[in-house]
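Protein chains: 2
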Amino acid sequence: MIVALLVAAAAVADPLPSWTDGAGKKSIIDFVDRVTREGSADYLASRERIAVFDNDGTLWIEQPMYVQFAFALDRIKTLAPLHPEWRTTAPFKDVLNGDSKALLSSGTHALLQVIAGSHSGMSTEDFSTIVGSWLATAKHPRFQRPYTSLAYQPMLELLDYLRSQGFKTFIVSGGGVEFMRVFAEQVYDIPPEQAIGSSAATKFVAVGTNGKPALLKEPQIEFVNDGPGKPSGINRFIGRRPVLAFGNSDGDLQMLQWTAGGAGPSFVALIHHTDAEREYAYDRNSTIGKLDKALDEAQRQRWLVVDMKRDWQPIFAEYQGAR
Amino acid sequence: MIVALLVAAAAVADPLPSWTDGAGKKSIIDFVDRVTREGSADYLASRERIAVFDNDGTLWIEQPMYVQFAFALDRIKTLAPLHPEWRTTAPFKDVLNGDSKALLSSGTHALLQVIAGSHSGMSTEDFSTIVGSWLATAKHPRFQRPYTSLAYQPMLELLDYLRSQGFKTFIVSGGGVEFMRVFAEQVYDIPPEQAIGSSAATKFVAVGTNGKPALLKEPQIEFVNDGPGKPSGINRFIGRRPVLAFGNSDGDLQMLQWTAGGAGPSFVALIHHTDAEREYAYDRNSTIGKLDKALDEAQRQRWLVVDMKRDWQPIFAEYQGAR
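Residue numbers (numbering that gives the first Met the number 0), protein chains in the order written: chain G, 0 to 322; chain D, 0 to 322.
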């Protein structure tokens with residue numbers, strides 16, 4: 000009975016049970032307390048409590064390739080019968096031959112062709128349906144479970160904790176916004192209007208294929224929300240400077256600098272992938288999620304660097320089987 | 000005593016006291032009831048209750064010129080001493096000579112030059128400060144009161160009413176988003192992240208003039224949120240189709256079509272400026288706020304057309320003097 004009470008008290012007292020007790024976890028809770036306790040010198044009104052999170056590698060897995068890119072490759076294969084010319088044209092033939100080495104060495108333009116070929120030519124609503132179906136069946140090659148089950152449990156707790164303390168949580172990702180929105184509400188409890196990402200142009204047609212107005216997804220990239228694009232994206236979509244930001248790669252550096260550079264209190268952190276056994280270990284020389292300059296800056300500025308192996312107890316929630 | 004009680008009861012019962020009782024007001028309240036009453040066939044979960052509003056001419060005055068353009072002209076005059084070349088170069092010389100006829104006939108490119116000349120070359124934060132100072136002192140040429148006091152009282156009531164019923168209210172304007180955000184929170188209780196508008200590019204610099212990271216406003220237009228751009232903007236920023244939309248001009252047509260074209264219940268309305276005495280009367284032939292095709296479409300589709308003269312009791316809140 001006393002044990003049960005103690006366990007209950009601990010559960011109430013610890014908003015971040017999957018985080019290892021230590022300086023990192025303590026610094027997060029201290030910051031939240033400092034900006035939410037009335038009378039505190041650093042108190043922030045609720046509307047100022049803007050928290051931003053990179054997605055790939057910060058909220059969910061990004062190895063061995065971005066989930067969205069895995070989707071794009073599968074989609075190209077699905078569409079191949081409609082495009083016989085792809086059999087002989089790079090980069091599509093590399094996709095169809097499973098030659099990821101040729102593909103990855105073929106440069107940005109080729110990768111954008113793969114994205115355009117798999118992400119355009121349908122309405123926004125059809126695209127959401129296609130992504131939803133794919134997420135329901137696709138599995139991560141190593142963990143053999145759905146990608147949506149590979150969000151980081153400690154980060155899900157952090158999102159919940161911040162929202163319980165009046166923060167508004169946003170995704171600020173280099174990934175495509177329409178891809179993320181399909182799962183962000185279900186997995187992160189983040190509504191579409193709080194997901195910021197890269198986007199392609201859309202075109203309004205008053206009469207779509209179903210006789211109703213539609214927005215058609217076009218192949219042209221409209222905005223790249225990465226690197227210095229992240230502060231611009233934050234400004235464009237949120238219009239207020241965040242006070243808390245988490246990222247994991249050099250593409251997040253400017254977002255972290257922008258957040259840390261505000262006039263008031265701020266909290267900035269990097270997730271450092273250090274656990275090859277339970278997830279992946281990579282940083283300065285990685286093609287995906289390269290963390291080099293931002294790691295140096297974090298050390299200079301004394302930002303929190305989360306050591307995944309040491310600081311996170313479970314990395315993923317237990318997988319309950321088919322969703 | 001009984002009178003006081005009756006008045007109090009009426010105040011509680013009527014969420015739109017500045018709207019004339021009639022079919023228009025009733026249709027708004029009926030729609031809100033229909034989508035918020037549990038058990039109703041048209042019930043919408045709170046997260047689906049997305050309401051979008053054009054700004055100029057829908058939420059506040061847009062005659063005799065867009066407020067933002069009045070700001071741009073004043074700003075060009077303020078900056079003129081730093082730009083002696085403007086004295087002899089169109090369109091700037093027309094601005095400085097007060098030759099609005101020459102200015103308005105000089106085409107889109109010239110107007111964009113005026114916007115670029117007045118809206119770029121400073122940080123986003125400095126721009127907000129400049130706009131805030133201007134709004135605090137500038138007066139509308141006819142009404143001789145601050146522009147922020149010329150929001151439409153019936154629309155302020157509608158925004159409040161919708162929010163009290165679990166709607167999330169957004170501005171979706173052709174105007175510049177950074178200009179609107181300066182007053183949208185104070186005047187409409189709409190936070191920056193719920194204001195969508197046209198935007199120019201911004202550039203991140205790690206070390207701004209005050210030694211801290213800054214976003215510099217650049218002259219290039221990045222996105223025009225007008226006409227068919229409005230559904231694209233809604234998709235990009237909100238990622239969900241609205242269920243309620245108010246506009247007042249042909250620039251709002253596609254936003255209204257997009258809202259009305261959803262699978263579920265929707266409510267779409269136009270504000271028709273019919274009151275030359277208390278505000279302005281204009282529609283099919285107006286340069287600013289032209290309402291022609293959208294008026295025809297509203298009649299065809301039986302959308303609500305608000306007759307400002309008949310449907311709105313006060314148009315503006317009583318002006319209390321200096322803010």
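Glycine included, C-beta positions come from ideal geometry on N, C-alpha and C.
- Rounded to the nearest whole angstrom, the CA to CA distance from LEU290 (chain D) to GLU37 (chain G) is 50 Å.
- The beta-bridge partner set that DSSP reports for VAL171 (chain G) consists of G:ILE195.
- Around the beta carbon of GLN219 (chain G), fewer than 16 other beta carbons lie within 10 angstroms, which makes this residue exposed.
- Rounded to whole angstroms, the separation of the alpha carbons of LEU72 (chain G) and VAL94 (chain G) is 6 Å.
- Of all residues in the segment 114–142 of chain G, the ones placed with a Cβ closer than 8 Å to any Cβ belonging to chain D are THR123, in chain order.
- Judged by DSSP in its simplified three-state form, HIS271 (chain D) adopts strand.
- Straight through space, the alpha carbons of GLU177 (chain G) and GLU47 (chain D) are spaced by roughly 17 Å.
- With a beta-carbon spacing of about 6 Å, PRO230 (chain G) and LEU214 (chain D) fall inside the 8 Å limit used to define contacts.
- Interface residue (Cβ-Cβ distance to chain D less than 9 Å): PHE266 (chain G) is not classified as such.
- Assignment of ILE49 (chain G) by DSSP, reduced to helix, strand and coil, places it in the strand class.
- Judged by DSSP in its simplified three-state form, SER117 (chain G) adopts helix.
- Annotation: ARG86 (chain D) to GLU192 (chain G) spans about 45 Å, alpha carbon to alpha carbon.
- The beta carbons of LEU58 (chain G) and PHE52 (chain G) sit about 6 Å from each other, so the pair counts as a contact at 8 Å.
- Proximity of SER99 (chain G) to chain D, defined by a Cβ-Cβ separation below 9 Å, is not satisfied.
- Using a CB distance cut-off of 9 Å, ALA40 (chain G) does not count as an interface residue toward chain D.
- Listed along chain D is no residue with a C-beta nearer than 7 Å to that of ASN54 (chain G); the closest approach is about 14 Å.
- Note: LEU243 (chain D) is bridge-paired with D:ALA50, D:PHE266 in the DSSP secondary-structure output.
- Exclusion of the five residues before and after SER45 (chain D) leaves GLY165 as the residues of its chain whose Cβ lies within less than 6 Å of its Cβ.
- Taking the Cβ atoms as the reference, ILE270 (chain G) lies roughly 4 Å from ASN247 (chain G), within the contact range of under 8 Å.
- Three or more beta-carbon pairs separated by less than 8 Å are not found between the segment 26–41 of chain G and the segment 95–103 of chain G, which leaves the two stretches without contact.
- By alpha-carbon distance to MET154 (chain D), the top candidate from D:GLY320, D:TRP311, D:TYR318, D:GLN319 is D:TRP311.
- One alpha carbon belongs to THR123 (chain D), the other to LEU158 (chain D), and they sit about 28 Å apart.
- Check the Cα spacing between ALA259 (chain G) and each of D:ALA293, D:VAL223, D:LYS211, D:LEU255: the tightest is with D:LYS211.
- Just so you know, the alpha carbons of GLN67 (chain D) and GLN62 (chain G) end up roughly 47 Å apart.
- According to the DSSP assignment, PHE236 (chain G) belongs to the alpha helix (DSSP H) that extends over 228–236.
- Shown here, ALA200 (chain G) sits in a strand according to DSSP, grouped into three states.
- Interface flag for THR201 (chain D) against chain G is set, since a Cβ pair is found closer than 9 Å.
- Relative to the Cα of LYS308 (chain G), the nearest Cα in the group G:ALA293, G:TYR281, G:GLU317 belongs to G:TYR281.
- MET121 (chain D) and ASP55 (chain G) have their C-alpha atoms spaced approximately 33 Å apart.
- Taking the Cα of VAL267 (chain D) as reference, the smallest distance to any Cα among D:PRO145, D:PRO313, D:ILE49, D:GLY21 is reached at D:ILE49.
- Residue burial is scored here from C-beta neighbours: SER132 (chain G) has fewer than 16 other C-beta atoms within 10 angstroms and is therefore classed as exposed.
- Rounded to the nearest whole angstrom, the CA to CA distance from LYS92 (chain D) to LEU102 (chain D) is 9 Å.
- In the DSSP assignment, VAL304 (chain G) falls within the unbroken beta strand (DSSP E) covering 303–306.
- Under the three-state reduction of DSSP output, GLU184 (chain G) falls in the helix class.
- At a cut-off of 9 Å between beta-carbon atoms, SER231 (chain G) makes contact with chain D.
- At least one CB atom of chain D sits nearer than 9 Å to the CB of ILE237 (chain G).
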